[in-house]
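Residue numbers (the UniProt record's numbering): 1 to 328.
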């Protein structure tokens, strides 16, 4: 069938010329990573591990040109379960993602939260890191053995602070440490804070005997001499903290690491889920993210999709098992 007018012919030519760019580029392209209006929720206060992870990921993604103008906002409360409930309520919203980790897994259990991570769309596990056992620069404890010896004498009189609810990493790590030192976990005076930012002020003010939190959260304060690190909880020493021994080499049989990742609301279309996943795949491969991981002492633990979902299920079982083992 012939086109009947020169105007129709011109219109057809415009469509041919305009067609390829519309299909291969732009914010709405299913194969791209641009998500206009993308927001990262942080389910605890500023300065904690989830906050640092989200803001670092947002900046790196923008610097690498993966997407633009990501908004990062904090919605703290109940160890991350307030934010989790909000996320689950945003059914089908492909422009919202939440920074989270083992702390949220534990908080769901300890707070008997009505919504769980099984109600979310798993996107990616990003990092793994060790916890650090830290005290303020004016603390009387210079070594991990000095701290443990004093802790053994009267566990209740030396409060330990952590940036997660019971069942989270900053709670589980000192409980395992207590068990390895011959201290009954039930006798430990654990004080939870809503993120590492809140915990920091209490450590610096000597309101807790010691604190446990992620390496990346306190690396700057340790380097500045505001905090003294007595030990790390993982299998080997941390590059930037070579003088800090592992708990295991100090004689306490503990090998514990934390992790952080990203989940999205339920009810996403396959295209929405794939686009978010692809964004974090490109972030993971970017030199900007690799540099940030090195600077923050994070280890690569990248995992996406169903494998990350299976990992979340296993982590929930792990928390329940450890709490039972510790009698908590």
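Don't be surprised by glycine CBs; every beta carbon is placed ideally from N, CA and C.
> Can you name, in chain order, every residue of its own chain whose Cβ lies under 7 angstroms from the Cβ of residue 125, other than the five neighbours on each side?
Replying inline: Looking up residue 125 in the chain shown gives position 125. Correct list, in chain order: 259, 261, 301, 302, 303, 308, 311.
> By DSSP, does residue 241 sit in helix, in strand, or in coil?
Replying inline: Taking the first residue of the chain shown as position 1, residue 241 is located at position 241. Residue 241: helix per DSSP, three-state reduction.
> Who does residue 232 pair with in a DSSP beta bridge?
Replying inline: For the purposes of this step, residue 232 is taken as the residue at position 232 of the chain shown. Partner(s): 132, 246.
> In chain order, what residues of the same chain have a beta carbon less than 8 angstroms from the beta carbon of residue 254, not counting five sequence neighbours either side?
Replying inline: Position 254 of the chain shown holds residue 254. Counting only Cβ-Cβ distances below 8 angstroms, and skipping sequence neighbours, we find 173, 176, 177, 180, 233, 247, 248.
> On the three-state DSSP scale, how would you describe residue 99?
Replying inline: The residue you call residue 99 lines up with position 99 of the chain shown. Here residue 99 sits in strand by DSSP.
>> For residue 251, report the span of its alpha helix (DSSP H) as first-last.
In response: In the chain shown, the residue the question calls residue 251 occupies position 251. Run containing residue 251: none; DSSP gives neither H nor E here.
> Is the segment 289 to 299 touching the segment 139 to 155, taking contact as three or more C-beta pairs under 8 angstroms?
Replying inline: Segments in contact, no.
>> Three or more C-beta pairs under 8 angstroms: does that hold for the segment 206 to 224 against the segment 158 to 166?
In response: Yes, the segment 206 to 224 is in contact with the segment 158 to 166.
> In chain order, what residues of the same chain lie with their CB nearer than 7 angstroms to the CB of residue 11, ignoring the 5 residues before and after it?
Replying inline: The residue given as residue 11 occupies position 11 in the chain shown. For residue 11, the predicted model reports a pLDDT of 41, less than 50, meaning its position is unreliable; a value from the coordinates is still stated below. Result list for residue 11: empty, nothing under 7 angstroms.
> Residues in its own chain within less than 6 angstroms of residue 316 by CB, not counting five upstream and five downstream?
Replying inline: Counting from one through the chain shown, the residue named residue 316 turns up at place 316. Excluding residues within five positions, the ones whose Cβ falls inside 6 angstroms are 105.
> Where do the ends of the beta strand (DSSP E) carrying residue 300 lie?
Replying inline: For the purposes of this step, residue 300 is taken as the residue at position 300 of the chain shown. Segment 299 to 304, the beta strand (DSSP E) holding residue 300.
> Ordered along the chain, which non-local residues of its own chain (more than five positions away) have a Cβ less than 7 angstroms from that of residue 327?
Replying inline: Here residue 327 corresponds to residue number 327 of the chain shown, with the count starting at 1. Residues 185, 186 of the same chain have their beta carbon placed closer than 7 angstroms to that of residue 327, with the five preceding and five following residues left out of the count.
> So residue 213 is in the beta strand (DSSP E); what residue range does that whole segment cover?
Replying inline: For the purposes of this step, residue 213 is identified with residue 213 of the chain shown, where counting begins at 1. Where residue 213 is concerned, the enclosing beta strand (DSSP E) starts and stops at 210 to 214.
>> For the beta strand (DSSP E) containing residue 281, name the first residue and the last one.
In response: Numbered from 1 along the chain shown, position 281 holds the residue referred to as residue 281. It is not in any beta strand (DSSP E) - residue 281 instead sits in the alpha helix (DSSP H) that spans 270 to 285.
> Grouping DSSP H, G and I as helix and E and B as strand, with all else coil, what is residue 308?
Replying inline: Working through the chain shown from its first residue, we reach residue 308 at position 308. Here residue 308 sits in helix by DSSP.
> How would you label residue 169, buried or exposed, when you count the other beta carbons within 10 angstroms and need 16 or more for buried?
Replying inline: Reading the chain shown from its first residue, position 169 is the one you call residue 169. It is buried - the Cβ of residue 169 has at least 16 other Cβ atoms within 10 Å.
> What do you get for residue 71, buried or exposed, if any count of 16 or more other CB atoms within 10 angstroms of its CB means buried?
Replying inline: Here residue 71 corresponds to residue number 71 of the chain shown, with the count starting at 1. The residue is exposed, with fewer than 16 neighbouring Cβ atoms inside 10 Å.
> With residue 164 and residue 79 assumed to form a contact (beta carbons below 8 angstroms), what rounded beta-carbon distance in angstroms separates them?
Replying inline: Your numbering for residue 164 matches position 164 in the chain shown. Your numbering for residue 79 matches position 79 in the chain shown. Their Cβ separation, rounded to whole angstroms, is 6 angstroms, which keeps residue 164 and residue 79 in contact under 8 angstroms.
> Under the three-state reduction of DSSP, which class applies to residue 218: helix, strand or coil?
Replying inline: For this step, residue 218 is matched to residue 218 along the chain shown. DSSP, reduced to helix, strand and coil, places residue 218 within a helical segment of the structure shown.
> Taking Cβ positions, are residue 48 and residue 195 nearer each other than 8 angstroms?
Replying inline: Counting from one through the chain shown, the residue named residue 48 turns up at place 48. Counting from one through the chain shown, the residue named residue 195 turns up at place 195. Remark: C-beta atoms of residue 48 and residue 195 approach each other more closely than 8 angstroms.
> Can we say the segment 39 to 57 touches the segment 86 to 96, given the rule of at least three CB pairs closer than 8 angstroms?
Replying inline: Touching, per the Cβ criterion.
> Mapping DSSP to helix, strand and coil, what is residue 341?
Replying inline: Nothing about residue 341 can be reported from this structure: the residues present for the chain run from 1 to 328 only.
> Looking only at its own chain, which residues have a Cβ that is under 8 angstroms from the Cβ of residue 22, when we skip the five neighbours before and after it?
Replying inline: By one-based count along the chain shown, residue 22 stands at place 22. For residue 22, the predicted model reports a pLDDT of 33, less than 50, meaning its position is unreliable and no value from the coordinates is stated.
>> Less than 8 angstroms between the beta carbons of residue 144 and residue 283, yes or no?
In response: Here the question's residue 144 lines up with position 144 in the chain shown. Here the question's residue 283 lines up with position 283 in the chain shown. No, the pair does not count as a contact, with Cβ atoms beyond the cut-off.
> How many Å lie between residue 77 and residue 113 at the Cα?
Replying inline: Translated into positions along the chain shown, residue 77 becomes position 77. Translated into positions along the chain shown, residue 113 becomes position 113. Approximately 12 angstroms, taken between the alpha carbons.
> Between which two residues does the beta strand (DSSP E) containing residue 161 stretch?
Replying inline: Position 161 of the chain shown, counted from the first residue, corresponds to residue 161. Unbroken beta strand (DSSP E) run through residue 161: 160 to 162.
>> Does residue 265 pass the burial test, meaning 16 or more other C-beta atoms within 10 Å, or should it be called exposed?
In response: By 1-based counting over the chain shown, the position of residue 265 is 265. Looking at its Cβ environment, which holds 16 or more other Cβ atoms inside 10 Å, residue 265 is buried.
> CB residue 129 to CB residue 216, shorter than 8 angstroms?
Replying inline: Reading the chain shown from its first residue, position 129 is the one you call residue 129. Reading the chain shown from its first residue, position 216 is the one you call residue 216. With respect to residue 216, residue 129 sits close: the two C-beta atoms are nearer than 8 angstroms.
> With a CB to CB cut of under 6 angstroms and the five nearest residues on each side skipped, what residues in its chain are close to residue 222?
Replying inline: The sequence position of residue 222 within the chain shown is 222, counting from 1. If you ignore the 5 residues before and after residue 222, its C-beta comes within less than 6 angstroms of the C-beta of 229, all in its own chain and listed in chain order.
> In chain order, what residues of the same chain have a beta carbon less than 6 angstroms from the beta carbon of residue 235, not counting five sequence neighbours either side?
Replying inline: Start at 1 with the first residue of the chain shown, and residue 235 comes out as number 235. The residues are 255.
>> What does the Cβ neighbour count give for residue 92, buried or exposed, with the cut at 16 atoms within 10 Å?
In response: Start at 1 with the first residue of the chain shown, and residue 92 comes out as number 92. By the neighbour-count definition (other C-beta atoms within 10 Å, threshold 16), residue 92 is an exposed residue.
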